[in-house]
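J.: Chains as they are written, first to last, in my numbering: chain A, 1 to 115; chain B, 1 to 109. For every residue, glycine included, the Cβ atom is placed at its ideal position computed from N, Cα and C.
#1: Quick check on the burial criterion: 16 or more other C-beta atoms within 10 angstroms. Buried or exposed for residue 68 of chain B?
#2: With 16 as the cutoff for other CB atoms within 10 Å, does residue 87 of chain B come out buried or exposed?
#3: Excluding five sequence neighbours on each side, which residues of the same chain lie with their C-beta closer than 7 Å to the C-beta of residue 107 of chain B?
#4: Between which residues of its own chain and residue 44 of chain A is the CB-CB distance below 7 Å, once the five residues before and five after are set aside?
#5: Out of curiosity, what's the CA-to-CA distance linking residue 85 of chain A and residue 70 of chain A?
#6: Suppose you measure from the CA of residue 32 of chain A to the CA of residue 87 of chain A; what does that come to, to the nearest Å?
#7: Quick one: measure Cβ to Cβ for residue 12 of chain A and residue 113 of chain A, integer angstroms, because I've assumed they're closer than 8 Å.
#8: Who are the neighbours of residue 99 of chain B on chain A, taking C-beta pairs under 8 Å?
#9: Residues in its own chain within less than 7 Å of residue 94 of chain B by CB, not counting five upstream and five downstream?
#10: Where DSSP assigns a beta bridge to residue 7 of chain A, which residues make up the other side?
#11: Going by the DSSP bridge assignment, what does residue 33 of chain A pair with across the sheet?
#12: By the three-class DSSP mapping on this structure, what secondary structure does residue 56 of chain B have?
#13: Using the three-state DSSP reduction, which class does residue 86 of chain A fall into: helix, strand or coil?
#14: Since residue 111 of chain A meets chain B, which of its residues come closer than 7 Å, beta carbon to beta carbon?
#15: Can you give me the Cβ contacts of residue 20 of chain B inside the same chain, cut-off strictly under 6 Å, excluding the 5 residues immediately before and after it?
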């Protein structure tokens, strides 16, 4: 089945530093990947759609300069949280789909803690 | 704007019970509906995918139904086990994947 690998699973960083999260589709190619953020006891909120070879599409209210997305290949998308602050602490999850009709597969998530 | 609601928000049952989780959505123009399971601090595991043209899907002890015209889906879990304890999320896909807030299920031994 479709597998999406996300790394790292946990990261603790100091305020003001940047953190990169990787999302890889292991057994399929994904022209589009999605990045979500999940607050405690809340639903997943779509942050942005990552498009291979072009700019990401950000949801309303998401700062594109703070959350940099790069989708340089058909199997890899990265999310970089720039100049992280404690309020950026959250659970970030990526997803992708092998194609129409296959549904979505999610990575294992990244717990970011900014201290 | 698509909105997805899941009822109940939390459910606690004794082991062995059959149970039903409910999901409703406001816009019936969807391509598919997907049920996921999320364990604490973990990512999402896909349980069942129902295409808009389908009415139900089954996998083991799980059965999901879809009534697109009324904007409803149910996830039926038969003979529940403690290992079924998790948060169950319903998501519908039209222009993008929209999630409900989930139902936190606890199955007590």
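T.: According to the data block:
#1: buried
#2: buried
#3: 13, 15, 80, 81, 82, 84 and 85
#4: So the qualifying residues of the chain are 36, 38 and 93.
#5: Those two C-alpha atoms are separated by around 21 Å.
#6: 27 Å
#7: The Cβ separation is near 5 Å, so the contact holds.
#8: 43 and 44
#9: 2, 27, 29, 30 and 31
#10: A/22
#11: Per DSSP, A/50 and A/96.
#12: strand
#13: helix
#14: 41
#15: A distance below 6 Å between beta-carbons, with the five flanking residues on each side excluded, links residue 20 of chain B to the following residues of its chain, in chain order: 74 and 76.
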